[in-house]
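A.B. asks: Take a look at this one; I'll ask things after.
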Amino acid sequence: MSKIWTINVQVNTLYFKQQTAVGTWEQPVGGNMYWRNNVRMAAVSDNPADAISIGDGDSFSLQVGKDDTIKWIVSEVNPIYTNYRSMSMYGFDTGSNWNDNLTPPNTIITELEVAAVKTGFNAAKQPAERWIDASTIDISIPQTTVRAKAKNASISYLMKLVLIDVSDINNPRPINFFRIDPTIVIKLT
Numbered sequence: 001m002s003k004i005w006t007i008n009v010q011v012n013t014l015y016f017k018q019q020t021a022v023g024t025w026e027q028p029v030g031g032n033m034y035w036r037n038n039v040r041m042a043a044v045s046d047n048p049a050d051a052i053s054i055g056d057g058d059s060f061s062l063q064v065g066k067d068d069t070i071k072w073i074v075s076e077v078n079p080i081y082t083n084y085r086s087m088s089m090y091g092f093d094t095g096s097n098w099n100d101n102l103t104p105p106n107t108i109i110t111e112l113e114v115a116a117v118k119t120g121f122n123a124a125k126q127p128a129e130r131w132i133d134a135s136t137i138d139i140s141i142p143q144t145t146v147r148a149k150a151k152n153a154s155i156s157y158l159m160k161l162v163l164i165d166v167s168d169i170n171n172p173r174p175i176n177f178f179r180i181d182p183t184i185v186i187k188l189t
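Here you go:
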């Protein structure tokens with residue numbers, strides 16, 4: 001039975017915030033320049049028996065089966081609001097060895113959920129008042145499927161990221177545009 005994998009691309013927003021090179025939507029800055037130590041990958045499948053796979057942009061390996069689905073999302077390592085910056089993925093493109101092993105990526109819209117403890121942290125007893133909060137937001141993400149003829153391969157791709165000023169949470173605005181070019185090594189089960 002095929003699995004659904006979600007790759008969580010964790011970015012260091014503060015690192016990207018301090019970059020001086022300026023990109024645009026059409027011409028994001030980056031590529032193989034400077035992001036290597038500030039982006040990590042973590043993936044898990046919809047099978048609770050699978051362990052989390054982790055790595056960085058050059059050493060990320062994922063054990064997949066033919067017809068497995070792979071999705072990518074971006075999250076921040078440091079999402080504390082007082083940073084007043086956030087990052088999101090706005091584009092995705094394929095690179096070497098993609099077409100032989102993965103289907104062309106398509107974009108899907110899905111809900112991202114966030115849940116948090118608001119009050120009563122470290123309390124001796126569960127608080128009586130509403131102590132948890134949750135919300136969802138729609139996000140666009142890329143999705144692909146492992147081809148039936150896929151082989152063990154190192155596959156490159158390009159992610160486009162936007163750095164967003166969220167100091168006015170009701171009026172977020174883009175400040176800079178980046179591209180990162182990670183590699184995923186797929187190993188077939």
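Letter by letter, the sequence shown follows residues 1 to 189 of my numbering.
Beta carbons: idealized from backbone N, C-alpha and C, even for Gly.
All values derive from a computational prediction rather than experimental measurement.
What residues match up with S135 in a beta bridge as DSSP calls it?
C.D. replies: According to DSSP, which records beta bridges pairwise, S135 is partnered with V114.
A.B. asks: By the 10 Å Cβ neighbour count, where 16 or more other Cβ atoms means buried, how is I175 classified, buried or exposed?
C.D. replies: Counting Cβ neighbours within 10 Å, I175 comes out exposed, since fewer than 16 surround it.
A.B. asks: Using DSSP bridges, identify the partner residues of F178.
C.D. replies: V29, L161.
A.B. asks: Any idea if K149 is buried or exposed, counting beta-carbon neighbours within 10 angstroms, 16 or more meaning buried?
C.D. replies: Looking at its Cβ environment, which holds fewer than 16 other Cβ atoms inside 10 Å, K149 is exposed.
A.B. asks: Classify P104: buried if its beta carbon has 16 or more other beta carbons within 10 angstroms, exposed otherwise.
C.D. replies: The residue is exposed, with fewer than 16 neighbouring Cβ atoms inside 10 Å.
A.B. asks: What's the gap between the Cα of I169 and the Cα of L112?
C.D. replies: Straight-line Cα distance between these residues: approximately 17 Å.
A.B. asks: To the nearest angstrom, how far is the alpha carbon of A116 from that of D133?
C.D. replies: C-alpha separation (whole angstroms): 5 Å.
A.B. asks: What residues are listed by DSSP as bridge partners for R40?
C.D. replies: Per DSSP, Q10, D56.
A.B. asks: Do R179 and K160 come within 7 Å of each other at the CB atom, strictly closer than that value?
C.D. replies: Contact flag set, yes.
A.B. asks: Let me check understanding here. Comparing Cα to Cα, which of V114, Y81, T69 lies closest to N106?
C.D. replies: For the residues V114, Y81, T69, the minimum Cα distance to N106 belongs to T69.
A.B. asks: Just grab the DSSP bridge partners of K71 for me.
C.D. replies: Answer by DSSP bridge pairing, in chain order: T6, Q143.
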